[in-house]
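Per our numbering, residue 1 is the first one in the sequence shown, and the count goes up by one each step.
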Amino acid sequence: MTIHHLAVDLSFESRNGTTTDSDFDAFTDRFINELDSLQECDPGIIDPDVVGSLAQRTLSVTMGVRADSLEDAIRLFSANVRATLHAAECETPTWPHFVPTTRTHEVRPVDAATG
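What follows is the structure, encoded as C-alpha cells:
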C-alpha cells in the first residue's frame, strides 16, 4: 500500500443566515475534533490537517490516505471528509448549522514535503 497525500477546499454558508464568526469557529473546532477521533480509529488516515478562514467560511483539509491506488485513496479520503462533516453536524437535516456551498470538490494529490 502507498500513502497518497490529498487535499480538498470546502466553503460553507449558514442555512439560517444568522451565524457569527464564533459559530463558525465552534463548527470548525467540532470538525477538527471529529477528524482527530476518526484518525484514532482508522490507521489508514495519516497526519490530517485543517486550515480555514472564519471570515470567508472556508476549510482546507489535507491528509495522507493508505491505499493501493490513487482512485481508492480519493474514495477513502472523500468518505472520511464526509463522515467528519456529518459528525460535526454539517449536512444533517435536524441540525441546520452549516452546509457546503461547493457542490463538487476537486480532491487533488499534494506533495507531502511541500503540502
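Even glycine gets a Cβ: it sits at the ideal position worked out from N, Cα and C.
Inset, instruction - Throw me the rounded Cβ distance for the HIS105 and LEU35 pair, which I believe falls under 8 Å. - result: Not a contact, Cβ separation roughly 16 Å.
Inset, instruction - With DSSP as the reference, label HIS105 as helix, strand or coil. - result: coil
Inset, instruction - Assuming LEU76 and THR28 form a contact by the criterion Cβ under 8 Å, report the distance between their Cβ atoms to the nearest whole angstrom. - result: Not confirmed; about 23 Å, so no contact.
Legend entry - Straight-line Cα distance separating SER22 from LEU6: 28 Å
Inset, instruction - Pick out whichever of ASP25, PHE31, GLY44 and MET1 has its Cα sitting closest to the Cα of VAL61. - result: PHE31
Inset, instruction - Tell me SER53's beta-bridge partners as DSSP assigns them. - result: THR58
Legend entry - Proximal residues to GLN39 (C-beta, below 7 Å), its chain only, five neighbours per side dropped: ILE45 and PRO48
Inset, instruction - Could you tell me if VAL107 is buried or exposed, where buried requires 16 or more neighbouring beta carbons within 10 angstroms of its beta carbon? - result: buried
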